[in-house]
Structure formats: C-alpha cells, structure tokens
Amino acid sequence: MASVTYEHVWKAFGDNVVIKDLHLEVKDKEFLVLVGPSGCGKSTALRMLAGLEEVTEGNIWIGDRIVNDVPPKDRNIAMVFQSYALYPHMSVYDNMAFGLKLRKMPKDEIDRRVKEAAQILGIDHLLDRKPKALSGGQRQRVALGRAIVREPAVFLMDEPLSNLDAKLRVQTRAELIRLHKRLQTTFIYVTHDQVEAMTMADRIAVMRDGVLQQLDTPQNLYNHPQNVFVAGFIGSPA
Ligand code: ADP
Ligand code: MG
1 MASVTYEHVW KAFGDNVVIK DLHLEVKDKE FLVLVGPSGC GKSTALRMLA GLEEVTEGNI
61 WIGDRIVNDV PPKDRNIAMV FQSYALYPHM SVYDNMAFGL KLRKMPKDEI DRRVKEAAQI
121 LGIDHLLDRK PKALSGGQRQ RVALGRAIVR EPAVFLMDEP LSNLDAKLRV QTRAELIRLH
181 KRLQTTFIYV THDQVEAMTM ADRIAVMRDG VLQQLDTPQN LYNHPQNVFV AGFIGSPA
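No gaps in the numbering here: position 190 of the sequence shown is 190 in UniProt numbering, and each next residue is one more.
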C-alpha cells in the first residue's frame, strides 16, 4: 500500500527540459491516469518513479520515503510496458515465475503467487503454453501476471493496451478496472488516449509539454476544464 508524490520534480535531457515543476500527489489505492499528447513527458515521469531515469531536481516519494536514490528493485513497484517481451522459450508459468526465482523466493510461495495471479487474469488454463501459442490479449495478460506476482504496492502502466486491436482494448480496459478493485493497490496508468483516461480513472492528470495542466476526476475535468487545452483535449463542450 502506498501513496506516490512528485514533489516539484524537474527532468532535463541536456538542454531539453521535459518535466517542469511537476507536483502531483497520487493517493493510496487510487487509479490515476496520466494523459497528454505524444512527447509531453508521460513516460519520462513514469520512468523516474520506476527508477529507470534519474530525477534532475525535486523529490519522488513512495509512501513515506524519498526514493530518488533507491534502486528500482527496492521501490516496491511493478511496471507493465507498451511492448511486453515475454521469453519465447519459456512457458507462461515460467514467464510469470522468472522474476520471483531470481529473488530466490521459496518454490511453494512462487507457485501460490503464479496460480493466484493466473486465476485472477483468467489464464490458469494456459500456464503450460509457450507465448507463441497465445493471442495478443492473452500475452498482454501474461505481462500483467508477471507484474502481479510481485505483489507491488504501486502498479505502473505505460500505454499497456496500445498493441491491442480496438475491440480487445475496450474489453481489457474493463478488466483492468476490475483488477484494480481486486488488488487494492495504487495504479498509475499512462496513455495518450482521452477515452481510456475518462473511462478508467479515479482521477486524471492532464499534461502538456512537461507541465501538469489539471488534476481532477473525469467528471470535474469534463465539466470544469481549467483552460482551453484541457477542454480541447478532454473534448468538453465549448
Ligand atoms: P511521452 O511518453 O508523453 O510520449 P516521453 O516522456 O517519452 O513523452 O518524452 C518526452 C520528451 O523527452 C520528448 O521530447 C523525448 O524526445 C524526450 N526524451 C525522452 N527520453 C529521452 C532520453 N532518454 N534522452 C533524451 N531525450 C529523451
Ligand atoms: Mg510514452
């Protein structure tokens, strides 16, 4: 269980300042969607939280500790990416168990976690299969399963549905909402898709050019956009 706080965070790549004074408090167990046009800095914001990019200035908090200098594996988070590489030579079971084996977790605990995650995701009948025998949607579930078995306090997802076709995307959205309720953990979900944000989020953070524009519930954003950009992006009536 954990809240997440970006405390006046800046990120620069050389002269290119891509995150500008981001101050954002994500509540414990919240489903927060970070949305904005391509290139606005969403992935960078998430990657700093995951420890895959350094913070240039400011602090990132997970729960009650500053994690700027904490290695990724000690942050109690799990991240699901847009392109999820499964190990082709391993079964679904072994793909999901792999990270836990690396941590030298006892076998029966690994077994319990993999089976429970597979059951939650509806892939318990696929545990013996190799990834090539799965559909795109099933593979995406395995990728989610790999994250779930770690039982993280915070789930990070970077456009996890963008490789799926439209129908499957809609279906998977609903499953992720259920998954969030079931896991009772903090979800931070990045997308450039307004509809995805509006249908999934407890609250939406709208970003533009590295600047947080507004943070609010879908309903309040729609009814009370703070500026023309937010109105246009969310599709509020003029
Ligand atoms: P988004 O995920 O919203 O599409 P990104 O966070 O990927 O945006 O990128 C934000 C900006 O940061 C872009 O201008 C991108 O070119 C730049 N950027 C991202 N990662 C790097 C990097 N490793 N090195 C240099 N520039 C980067
Ligand atoms: Mg991105």
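Every residue gets a Cβ at the ideal spot worked out from N, C-alpha and C, and that includes glycine. Predicted model, so just to flag it, every value in this text is computed and none were measured.
Query	Result
Here's the rule I'm using: 16 or more other beta-carbon atoms within 10 Å means buried, otherwise exposed. How should Ala-205 be labelled?	buried
The ligand ADP and Ser-162: does any heavy atom of the ligand fall closer than 7 Å to the residue's C-beta?	no
Assign Asn-223 to one of three DSSP states: helix, strand, or coil.	helix
For the beta strand (DSSP E) containing Val-154, list its first residue and its last residue.	154-158
So within the stretch 180-235, which uninterrupted beta strand (DSSP E) runs reach at least 3 residues, ignoring any that extend past its ends?	186-191, 203-208, 211-216
Alpha carbon to alpha carbon, how far is Asn-16 from Gln-226?	26 Å
Would DSSP call Ala-78 helix, strand or coil?	strand
Please state whether the Cβ-Cβ distance between Leu-46 and Leu-212 is less than 8 Å.	no
So does the stretch 90-108 actually touch the stretch 130-148, counting three or more Cβ pairs closer than 8 Å?	yes
Can you look up Lys-130 in the DSSP assignment and give me helix, strand or coil?	coil
Take every Cβ of the stretch 31-46, pair it with every Cβ of the stretch 189-199, and state whether three or more of those distances are shorter than 8 Å.	yes
Cα-Cα, which of Ile-60, Pro-72, Arg-141 is closest to Leu-176?	Arg-141
Given that a residue counts as buried once 16 or more other Cβ atoms are within 10 Å of its Cβ, and exposed if not, what is His-224?	exposed
Closer than 7 Å to a non-hydrogen atom of the ligand ADP - does that hold for the CB of Gly-41?	yes
How many angstroms separate the CA atom of Glu-109 from the CA atom of Gln-119?	15 Å
By the three-class DSSP mapping on this structure, what secondary structure does Lys-11 have?	strand
Anyone know if the C-beta pair for Val-154 and Ile-62 falls short of 8 Å?	yes
By the DSSP assignment, the alpha helix (DSSP H) with Asp-21 in it spans what residues?	Looking at the DSSP string, Asp-21 is not in any alpha helix (DSSP H); the run it does join, the beta strand (DSSP E), is 16-26.
Does the beta-carbon of Asp-74 have 16 or more other beta-carbons within 10 angstroms, so that it is buried, or is it exposed?	exposed
Less than 7 Å between C-beta atoms, sequence neighbours within five positions excluded: which residues of the same chain meet that for Gly-164?	The question names Gly, yet the displayed sequence has Leu at residue 164. So the qualifying residues of the chain are Gly-136, Gly-137, Gln-140, Thr-172.
Considering only DSSP beta bridges, list what Glu-57 is partnered with.	Trp-10
Smallest Cα separation from Met-79: which of His-125, Tyr-87, Arg-146?	Arg-146
According to DSSP, simplified to helix, strand and coil, what is Ile-66?	strand
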